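Structure first, then comments.
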Amino acid sequence: MDILGKVKKIVSEHLDIEEEKITMESTFEGLEADSLDVVELVMSLEEEFDLEIADEEVEKIKSIGDVVNYIENHS
42 MDILGKVKKI
52 VSEHLDIEEE
62 KITMESTFEG
72 LEADSLDVVE
82 LVMSLEEEFD
92 LEIADEEVEK
102 IKSIGDVVNY
112 IENHS
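Heads up: take any position in the sequence shown, counting from 1, add 41, and you land on my numbering.
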């Protein structure tokens, strides 16, 4: 499974949204994720991809595409 596929799976499980509705352009706000959801997602992503995302980086991540790009550039 590619990075986008893994990210979509994690987001889908945490937010109870069908994977088909999650795209690179999807924003966390558009997916109705609150700040606690984002923290939980980041923790799951860090575990899945064996990386650490600094708090200041988390603030810059607004969409699924941002997540995928961050992971591609840091793993």
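Built from N, CA and C at the ideal position, the CB exists for glycine as well.
Given the structure is predicted, the values throughout are model-derived calculations rather than measurements.
Opening and closing residue of the alpha helix (DSSP H) in which residue i lies
i: Leu-45; result: 44–56
i: Phe-69; result: Run containing Phe-69: none; DSSP gives neither H nor E here.
i: Ser-104; result: Where Ser-104 is concerned, there is no enclosing alpha helix (DSSP H), given that its DSSP letter is neither H nor E.
i: Leu-92; result: Per DSSP, Leu-92 belongs to no alpha helix (DSSP H) and is neither H nor E.
According to DSSP, residues forming a beta bridge with residue i
i: Thr-64; result: For Thr-64, which the question treats as bridged, DSSP gives no partner whatsoever.
With 16 other Cβ atoms within 10 Å as the buried cut-off, status of residue i
i: Ala-95; result: exposed
i: Leu-72; result: buried
i: Lys-62; result: exposed
i: Lys-49; result: buried
Straight-line gap, residue i to residue j (C-alpha atoms, nearest Å)
i: Glu-98; j: His-55; result: 20 angstroms
i: Val-52; j: Ile-58; result: 8 angstroms
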